[in-house]
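Now the structure itself:
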């Protein structure tokens, strides 16, 4: 594999630089989206079959699978749970991820779909929906600032995009990207819905269910 990287660098140093940037971005944030600053060129280089194979082999050694979805404008790495086990998430992080998957699905069903299969909501509307969800789960509600911090973490991973705040409305737009359907697949949803129905929560870390890419592939974006 090292020789392949060396060959690419000798043949096309500029492309090799982009490959290095793409790998670095995925290592730091797990995903990249074409609409984020500087990511368009990185996704473009990953769309080349020879580069995609090389980068996929690189991450496979570390126990991750490279996923590239040109139609949805993103690329990312997902853990191969047979090699490195299931990732772990705090309950509040998991609930917010579930919330945005639900809001994305609602937008898709209503036909409110933006480019690359994204759905627009606002921070206040999302927080209202979050309060309703955790009330049914008999769990303490996060304050708006704590909730916003978790949304910001999803923004850093390119799962959502937070727009500029409207000082007059004290609100901001949030773009929920189609990759939410892959990050929170059907098995993830079913497990969390079961927990919500039973209210069976612990304050310690909870193991995230296996991400089912096959289920995510079946999601149709209008």
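Numbering (the numbering used here), first residue to last: 2 to 223.
Idealized CB from N, CA, C, for every residue including glycine.
Note that this is a predicted model, so its numbers are computed, not measured.
Worksheet entry | Residue(s) in a DSSP beta bridge with residue 177 | Numbered from its first residue, the chain shown carries residue 177 at position 176. Looking at the DSSP assignment, residue 177 forms a beta bridge with 120, 161.
Discussion item. By the three-class DSSP mapping on this structure, what secondary structure does residue 127 have?
Written reply: Residue 127 sits at position 126 when you count from the first residue of the chain shown. Helix at residue 127.
Worksheet item: Cβ of residue 118 within 8 Å of Cβ of residue 179?
Response: As a first step, residue 118 is located in the chain shown; it is residue number 117 there, counting from the start. As a first step, residue 179 is located in the chain shown; it is residue number 178 there, counting from the start. Going by C-beta atoms, residue 118 is nearer than 8 Å to residue 179.
Worksheet item: What number of angstroms, rounded off, separates the C-alpha of residue 70 from the C-alpha of residue 167?
Response: The count along the chain shown starts at 1 and reaches residue 70 at position 69. The count along the chain shown starts at 1 and reaches residue 167 at position 166. For residue 70 and residue 167, the distance between alpha carbons rounds to 32 Å.
Worksheet item: For residue 57, does the three-state DSSP call read helix, strand or coil?
Response: Position 56 of the chain shown, counted from the start, is the residue given in the question as residue 57. Helix at residue 57.
Worksheet item: Quick one, are the C-beta atoms of residue 163 and residue 156 less than 8 Å apart?
Response: Counting from 1 along the chain shown, the entry for residue 163 is found at position 162. Counting from 1 along the chain shown, the entry for residue 156 is found at position 155. Cβ distance < 8 Å, so residue 163 and residue 156 count as in contact.
Worksheet item: Are the CB atoms of residue 177 and residue 122 nearer to each other than 8 Å?
Response: Mapped onto the chain shown, residue 177 falls at position 176. Mapped onto the chain shown, residue 122 falls at position 121. For residue 177 and residue 122, yes; Cβs fall inside 8 Å.
Discussion item. I'd like to confirm the pairing. Which residues does DSSP put opposite residue 78 in its beta bridges?
Written reply: Here residue 78 is taken as the residue at index 77 of the chain shown, counted from 1. Beta-bridge pairing links residue 78 to 67.
Worksheet item: Is residue 113 helix, strand or coil when you go by DSSP?
Response: Taking the chain shown and counting its residues from 1, the one referred to as residue 113 is at position 112. Here residue 113 sits in coil by DSSP.
Fill in: Option nearest residue 90 by Cα separation, candidates 159, 154, 56
In the chain shown, the residue the question calls residue 90 occupies position 89. Here the closest residue by C-alpha is 154.
Worksheet item: Are the beta-carbon atoms belonging to residue 66 and residue 78 less than 8 Å from one another?
Response: Looking up residue 66 in the chain shown gives position 65. Looking up residue 78 in the chain shown gives position 77. Going by C-beta atoms, residue 66 is nearer than 8 Å to residue 78.
Practice prompt. Can you tell me the Cβ-Cβ gap for residue 145 and residue 32, rounded? I've got them flagged as a contact below 8 Å.
Written response: Translated into positions along the chain shown, residue 145 becomes position 144. Translated into positions along the chain shown, residue 32 becomes position 31. Rounded, the Cβ-Cβ distance is 25 Å, inconsistent with contact.
Worksheet item: Taking the alpha carbon of residue 101 as the point to measure from, which residue in 181, 165, 6 has its own alpha carbon closest?
Response: For the purposes of this step, residue 101 is taken as residue 100 along the chain shown, with counting starting at 1. Answer by Cα proximity: 181.
Item to complete: Tell me where the alpha helix (DSSP H) around residue 27 begins and ends.
Response: Locating residue 27 in the chain shown gives position 26, where the first residue counts as 1. Note, residue 27: alpha helix (DSSP H), 14–30.
Worksheet entry | For residue 68 and residue 75, the rounded distance between their alpha carbons | Counting from one through the chain shown, the residue named residue 75 turns up at place 74. Counting from one through the chain shown, the residue named residue 68 turns up at place 67. One C-alpha to the other measures close to 8 Å.
Worksheet item: Going by DSSP, which residues form a beta bridge with residue 33?
Response: Residue 33 sits at position 32 when you count from the first residue of the chain shown. In the DSSP output, where bridge partners are listed per residue, residue 33 has 76.
Worksheet item: For residue 156, which beta-bridge partners are listed by DSSP?
Response: Taking the first residue of the chain shown as position 1, residue 156 is located at position 155. Residue 156 is not bridged to any residue.
Worksheet item: Taking the C-alpha atoms as reference points, what is the distance between residue 53 and residue 152?
Response: Within the chain shown, the letter at position 52 stands for residue 53. Within the chain shown, the letter at position 151 stands for residue 152. The alpha-carbon atoms of residue 53 and residue 152 are separated by roughly 30 Å.
Worksheet entry | With 16 other Cβ atoms within 10 Å as the buried cut-off, status of residue 136 | Against the chain shown, residue 136 aligns to sequence position 135. Exposed is the call here.
Item to complete: Excluding the 5 residues preceding and the 5 following residue 201 in the sequence, name in chain order all residues of the same chain whose CB lies nearer than 6 Å to its CB.
Response: Looking up residue 201 in the chain shown gives position 200. Any answer about residue 201 is weak, because its pLDDT of 49 lies below 50 and its placement is not dependable; what the coordinates show is given next. If we look at residue 201 and ignore the five residues flanking it on each side, it has no Cβ neighbours.
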